[in-house]
Amino acid sequence: MGRARTIARRSFLIGSAAIAGGVAFGAYFVTRPTPNPLLDGLAEGEAALTPFVKITPDGITLIVPRADVGQGIASTQAMLIAEELDIDPGMATLDPGQPHRAYFNGTVAADGLSFPGWDKGFVAETVRDLMMNVARLSGSQFTGGSSSTADLHETLRRAGATARETLKAAAAARTRLPISDLRTEEGHVVLPDGGRIAYTDLAADAAVIAPVTDVALRPASEWTRLGKPYQRLDIVAKSTGTQAYGIDVVLPGMLYATVRANPGRGGGLADYSADAALAMQGVQSVVEVNEGLAVIANNTWFAFQAAQALEIDWLPPDYPASSAEMWQALSDAHADEFRNSRLRDEGDVERALNRATKIESEYRTPFLAHAALEPLSATVLVEKNRVTIWTATQVPHVVRDAAAEVTGIDAANVILHALPAGGSFGRRLDHDYVVQAIQIAASMPGTPIKTTWSREEDMSHDFPRPLHMARGRGTVEDGRVVAFDLDTISPSLVASWFGRVFIVPPGPDAMLVWGAFDQPYAIPNYRVTGYAAPPLVPVGSWRSPGACSNSFFHESFLSELIHAAGADPLEERLRLIDHADSRRVLEAVGEMASWSGADIGPRRGRGVAFAYTHGVPVAEVIDVTLTEQGIRIDEVWIAADCGTVFDPVNAEAQLTGAAVYGLGHAMNCELTYENHAVQQTNFDAFEGMRLHHTPRFHTQLLGLAERVRGIGEPATAPAAPALADAIFAATGRRLREMPFNKFVDFA
Amino acid sequence: MDLTINGTSHTVDLPDDMPLLWALRDGLNITSVKYGCGIAQCGACTVHIDGEAVRSCQVALADVWGEITTIEGLGTPDALHVIQAAWIEHQVAQCGYCQSGQMMQAADLLERNPEPSDEDIDAAMSGNLCRCGTYPRIRAAVHAAASAMREA
Ligand code: FES
Ligand code: FES
Numbered sequence: 001m002g003r004a005r006t007i008a009r010r011s012f013l014i015g016s017a018a019i020a021g022g023v024a025f026g027a028y029f030v031t032r033p034t035p036n037p038l039l040d041g042l043a044e045g046e047a048a049l050t051p052f053v054k055i056t057p058d059g060i061t062l063i064v065p066r067a068d069v070g071q072g073i074a075s076t077q078a079m080l081i082a083e084e085l086d087i088d089p090g091m092a093t094l095d096p097g098q099p100h101r102a103y104f105n106g107t108v109a110a111d112g113l114s115f116p117g118w119d120k121g122f123v124a125e126t127v128r129d130l131m132m133n134v135a136r137l138s139g140s141q142f143t144g145g146s147s148s149t150a151d152l153h154e155t156l157r158r159a160g161a162t163a164r165e166t167l168k169a170a171a172a173a174r175t176r177l178p179i180s181d182l183r184t185e186e187g188h189v190v191l192p193d194g195g196r197i198a199y200t201d202l203a204a205d206a207a208v209i210a211p212v213t214d215v216a217l218r219p220a221s222e223w224t225r226l227g228k229p230y231q232r233l234d235i236v237a238k239s240t241g242t243q244a245y246g247i248d249v250v251l252p253g254m255l256y257a258t259v260r261a262n263p264g265r266g267g268g269l270a271d272y273s274a275d276a277a278l279a280m281q282g283v284q285s286v287v288e289v290n291e292g293l294a295v296i297a298n299n300t301w302f303a304f305q306a307a308q309a310l311e312i313d314w315l316p317p318d319y320p321a322s323s324a325e326m327w328q329a330l331s332d333a334h335a336d337e338f339r340n341s342r343l344r345d346e347g348d349v350e351r352a353l354n355r356a357t358k359i360e361s362e363y364r365t366p367f368l369a370h371a372a373l374e375p376l377s378a379t380v381l382v383e384k385n386r387v388t389i390w391t392a393t394q395v396p397h398v399v400r401d402a403a404a405e406v407t408g409i410d411a412a413n414v415i416l417h418a419l420p421a422g423g424s425f426g427r428r429l430d431h432d433y434v435v436q437a438i439q440i441a442a443s444m445p446g447t448p449i450k451t452t453w454s455r456e457e458d459m460s461h462d463f464p465r466p467l468h469m470a471r472g473r474g475t476v477e478d479g480r481v482v483a484f485d486l487d488t489i490s491p492s493l494v495a496s497w498f499g500r501v502f503i504v505p506p507g508p509d510a511m512l513v514w515g516a517f518d519q520p521y522a523i524p525n526y527r528v529t530g531y532a533a534p535p536l537v538p539v540g541s542w543r544s545p546g547a548c549s550n551s552f553f554h555e556s557f558l559s560e561l562i563h564a565a566g567a568d569p570l571e572e573r574l575r576l577i578d579h580a581d582s583r584r585v586l587e588a589v590g591e592m593a594s595w596s597g598a599d600i601g602p603r604r605g606r607g608v609a610f611a612y613t614h615g616v617p618v619a620e621v622i623d624v625t626l627t628e629q630g631i632r633i634d635e636v637w638i639a640a641d642c643g644t645v646f647d648p649v650n651a652e653a654q655l656t657g658a659a660v661y662g663l664g665h666a667m668n669c670e671l672t673y674e675n676h677a678v679q680q681t682n683f684d685a686f687e688g689m690r691l692h693h694t695p696r697f698h699t700q701l702l703g704l705a706e707r708v709r710g711i712g713e714p715a716t717a718p719a720a721p722a723l724a725d726a727i728f729a730a731t732g733r734r735l736r737e738m739p740f741n742k743f744v745d746f747a
Numbered sequence: 001m002d003l004t005i006n007g008t009s010h011t012v013d014l015p016d017d018m019p020l021l022w023a024l025r026d027g028l029n030i031t032s033v034k035y036g037c038g039i040a041q042c043g044a045c046t047v048h049i050d051g052e053a054v055r056s057c058q059v060a061l062a063d064v065w066g067e068i069t070t071i072e073g074l075g076t077p078d079a080l081h082v083i084q085a086a087w088i089e090h091q092v093a094q095c096g097y098c099q100s101g102q103m104m105q106a107a108d109l110l111e112r113n114p115e116p117s118d119e120d121i122d123a124a125m126s127g128n129l130c131r132c133g134t135y136p137r138i139r140a141a142v143h144a145a146a147s148a149m150r151e152a
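Sequence order for the protein chains is A and B.
Just so you know, we're using full-length UniProt numbering here: the first sequence kicks off at 1 and counts up by one.
Just so you know, we're using full-length UniProt numbering here: the second sequence kicks off at 1 and counts up by one.
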């Protein structure tokens, strides 16, 4: 406890010139033309080898560029480096670094393709490689898509190994001992006579020798940290109130601001009067920002009060005014002219549908807010030729470029202190709140200003999960599912989000059908068609985008067909599944739950669902009881396979947390619109799961899949369909629309 | 106005109707007390007044009736409270944003009920939202803290 651990500031990077003998290690300095951000500011003669490990006489700093939004990735990144570097990561300083293309995320780009993750064929793999390179060249430093571990696990271990071997070479040169006689341990090179040289003592030597790059990674059997239960490096801070989040930044002379934006997103400002607001206590000024107005005051509370006192005439946005009209727009988009993709088309679906009695169903999922518990916030200081930003973001490179664009100050002079987030779930893939904070700070150069959105702003100006609907048609014969045809209809998330942060990529929107087209079932006649409805409100990635709705449609409709066939929901899935990793998780969850059918007694029911998302197969079984007060969720079993698990305690937390997120929103959350505005503006109307709803969880990560994948999102998607399936087993009622509390009560 | 926080007295020059939450956060830079909803729906702002868990977003400064305890008053990294030690042992926190409020609520519960059942924990803690879904570990940590406190 009480270990020396801090999130370093920019001073480490630009101030390192003053530190004699600094050295920075990483994986890319030879193989990649990517410039090393740690090079800037090193003095003559110092070697900065690359982006992830920096050793100076004062200590060891690990650069952990993926944003920690609660998923624990800062720790995991540090552990991956530490395993090869032979240090106690608790003694190192963790620094998210500055946005830089050396920290590009190739996996997230490769995953966004029109190939199912389990397709390891030549074409799919070639295009994935291509996308990795596109990401590298564009320097996209996203944290998202459960991609961090998958993308970085080798890179970070290699960075640790390179640093270790170079330090050994430096020690060998100094002691004139053969390198093969040296070993490393807890931040030291150990000599044959037991003498020890601290890495920090070797920094200057290591800086001037050729780095050792030809290093083999240690096999899992030799790991001493990875794969074992360990404490998250932030756990003490987060259990003592000492973790500072973006919203907690305190600077001398700081002012506080808030925003009041048009409740109809994207409508403009017709006219306003700030007189009443300006007359209120503590208020300094009112400024125009993107989407509305901001109040600057000397306490956030004063700003909140004054924002309510602004008199504003808003202009209407260009989307339909009500939820009813939006549903109609989706329904109308179920037409050939809106057809966007047909990435799954096997057998002869039309013929099969005409041969037997068709089963047809329609499903709906609502808009949903991300509603991380920490409301959006950013602190910005604009100076003559410099912008400094303190915030939590999943897109640091986008924030940097936006700051340059808004202020006209060179991007090289934008300093970003990337701080941990109090949740995100995809919300911080957008940077609208940071842009407003920059605009606010730019109105008072020299004064740091913290902008905090009220919960009401946060809920009503989210980029929500899109409204989504699906229509299924299918047939069964002889106790088997024979035809499955799913049309899924939603505004394009890719067009909306990429349009805001990058450019809209050409080709079909695979996210529109994620969780449906890419499921590893071998149904003889199997088709999934995506329809891109016209844009409604601007939408965003919500934990398991696409799949968080599509899996509900796909698995629910599959369950309906299986029920019609008179087959067992787990057995028939096992018969249809055509992918070894996926079969194993279904078998595992069946064993864990002692599956013997959906009927588990009077007023009780058991449901199952499977989803393959983010390259991870997940199966969930849920038991419910119909009590006097309503449905109670009793038990949840989850089996998943993300390949090698580096951080088991945290991985378990991600499985259960993702399932809680999926279940809570399926139970009782939706955003609806009236007069263009969100109707649910706080947690009284958007509750999610609370402790008294929480079931017992039983989880298993099989660790058998060949590829390492991330586990932050995959357990979200199958949670809702498993719950709906259990409710059907208990009540005979098939719920085809979220939230379920429109139709049943929850205890 | 004078406030006693974790045994230390502070003077703030802020209006009577300002919620205690904002006096603590922006007036006194005590940012461990979190803003989540402002309407008593999330529990992130929970502190103790005279040992009782209250939502600081709902208590006007003029109405503060006693000594305030924040999470720092419960324990520190070098001198952990039993509840904090249990939270660490069970690795409860994900983003951690809700957890100061969760622990302050748990402290209130265990003060009144040293051996709570699952139902007691549900009843006492359901006002504290955790958007990351750490609930199973919260339950386990409350039980662990309860038994550690009984043994102490
Ligand atoms: S901020 Fe006080 S209960 Fe949510
Ligand atoms: S740990 Fe994130 S809200 Fe509870």
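Beta carbons are placed, not taken as given, at the ideal position from N, Cα and C, and that holds for glycine.
- Residue 87 of chain B is bridged by DSSP to nothing; it lacks a bridge partner.
- Going by C-alpha positions, residue 605 of chain A is about 26 Å away from residue 654 of chain A.
- At least one heavy atom of ligand 1 sits closer than 8 Å to the Cβ of residue 35 of chain B.
- The region 632-647 of chain A and the region 532-546 of chain A do not touch, with fewer than three beta-carbon pairs separated by less than 8 Å.
- Within chain B, the residues placing a beta-carbon under 7 Å from that of residue 684 of chain A are 39, 41, ordered along the chain.
- Only 371, 372, 373, 374, 375 from the region 367-400 of chain A bring a Cβ to less than 7 Å from some Cβ of chain B.
- Each of A:397, A:435, A:579 was checked against the Cα of residue 407 of chain A, and the nearest Cα belongs to A:435.
- Judged by DSSP secondary structure, residue 313 of chain A falls within the beta strand (DSSP E) whose first and last residues are 311-314.
- Counting only unbroken stretches of 4 or more residues, the alpha helix (DSSP H) elements lying wholly within the region 105-172 of chain A are 106-111, 122-138, in sequence order.
- Distances taken from the Cβ of residue 97 of chain B to the heavy atoms of ligand 2 include one shorter than 8 Å.
- The shortest C-alpha to C-alpha distance from residue 573 of chain A to any of A:610, A:228, A:455 is the one to A:610.
- Taking a beta-carbon distance threshold of 9 Å, residue 706 of chain A does not count as an interface residue toward chain B.
- Residue-level contact by beta carbon fails for residue 115 of chain B and chain A, as no gap is shorter than 9 Å.
- Here the region 114-128 of chain A makes no contact with the region 65-77 of chain A; the two share fewer than three CB pairs at distances below 8 Å.
- DSSP places residue 552 of chain A outside any beta strand (DSSP E); the residue lies instead in the alpha helix (DSSP H), whose first and last residues are 547-565.
- Residue 608 of chain A sits away from residue 727 of chain A, with the two beta carbons spaced by 9 Å or more.
- One Cα belongs to residue 78 of chain B, the other to residue 245 of chain A, and the distance between them is close to 21 Å.
- Counting only Cβ-Cβ distances below 7 Å, residue 93 of chain B has contacts in chain A at 235, 238, 239, in chain order.
- Along the region 132-149 of chain B, the positions whose C-beta sits under 8 Å from a C-beta of chain A are 132, 133, 134, 135, 136, 137, 138, 139, read in chain order.
- Rounded to the nearest angstrom, the gap between the Cα atoms of residue 115 of chain B and residue 328 of chain A is 54 Å.
- Along the region 43-54 of chain B, going in chain order, the ones with a CB nearer than 7 Å to a CB of chain A are 44.
- Contact between the region 497-517 of chain A and the region 360-379 of chain A is absent: fewer than 3 CB-CB pairs across the two stretches fall below 8 Å.
- Closer than 9 Å to the CB of residue 125 of chain B there is at least one CB belonging to chain A.
- Look at residue 93 of chain B: its beta carbon is less than 8 Å from one of the heavy atoms in ligand 2.
- When Cβ-Cβ separations below 9 Å define contact, residue 256 of chain A makes contact with chain B.
- At a cut-off of 9 Å between beta carbons, residue 14 of chain B contacts chain A.
- Between residue 490 of chain A and chain B, the shortest Cβ-Cβ separation is not below 9 Å.
- Sequence-distant partners of residue 196 of chain A (beyond 5 residues in either direction) whose C-beta falls short of 6 Å from its own C-beta, in its chain, are 188, 190.
- The beta carbon of residue 660 of chain A falls within 9 Å of a beta carbon belonging to chain B, placing the residue at that interface.
- With 16 or more other CB atoms across the displayed protein chains lying within 10 angstroms of its CB, residue 680 of chain A is buried.
- Every beta strand (DSSP E) stretch that sits fully inside the region 318-357 of chain A and reaches 3 residues is listed by chain position as 339-346.
- For residue 457 of chain A, no beta strand (DSSP E) segment is defined; the enclosing uninterrupted segment is the alpha helix (DSSP H) at 455-460.
- Around residue 485 of chain A, the same chain offers 349, 473, 527 as residues with beta carbons nearer than 6 Å, after the five sequence neighbours per side are excluded.
- When Cβ pairs closer than 8 Å are counted between the two stretches, the region 118-127 of chain B is seen not to touch the region 390-398 of chain A, the count staying below three.
- Close CB contacts of residue 167 of chain A within its chain, under the 8 Å cut and outside five residues either way in sequence, are with 55, 184, 189, 199, 202, 206 (chain order).
- Distance from residue 315 of chain A to residue 292 of chain A at the Cβ level is roughly 11 Å; contact not present, criterion being Cβ atoms closer than 8 Å.
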